[in-house]
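In the numbering used here, the protein residues as written are 48 to 146.
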């Protein structure tokens with residue numbers, strides 16, 4: 048193993064760490080979108096949530112590729128269930144106000 052190998056490995060780890068930081072920010076934005084929707088009942092936050100969920104998945108896959116790991120198969124259904132629940136919430140809120 049040469050010093051160029053260690054330099055390349057260090058660069059790769061630094062890049063992966065930066066990607067992890069971006070992933071964390073995206074996750075916090077997802078939480079913000081969820082809370083904003085639940086508090087304000089404005090559907091624009093659903094669109095933001097969907098966009099950030101897609102961004103999160105892409106970043107997660109990129110990081111997994113960089114780190115050469117396999118993501119668990121059940122990591123994505125949770126976000127889909129949450130999105131389905133959020134999509135049903137406006138209907139429930141409108142039904143409760145009419146009732």
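Backbone N, C-alpha and C define an ideal beta-carbon position, used for all residues, glycine too. Being a predicted model, the structure only gives us computed values, none of them experimental.
Assigned exposure category for residue 105 - 16 Cβ within 10 Å defines buried: exposed
Burial state of residue 61 (16 or more Cβ within 10 Å): exposed
DSSP three-state call for residue 68: helix, strand or coil? helix
Looking at residue 113 and residue 76, is the spacing between their C-beta atoms short of 8 Å? no
Quick check on the burial criterion: 16 or more other C-beta atoms within 10 angstroms. Buried or exposed for residue 108? exposed
Since residue 73 and residue 103 should fall inside the 8 Å C-beta cutoff, what is the C-beta to C-beta distance between them, to a whole number of angstroms? 5 Å
Nearest-angstrom Cα separation, counted from residue 110 out to residue 63: 6 Å
For residue 53, which residues in the same chain have their Cβ closer than 7 Å to its Cβ, ignoring the five residues on either side in sequence? none
Grouping DSSP H, G and I as helix and E and B as strand, with all else coil, what is residue 104? helix
Classify residue 95 as helix, strand or coil using the three-state DSSP reduction. helix
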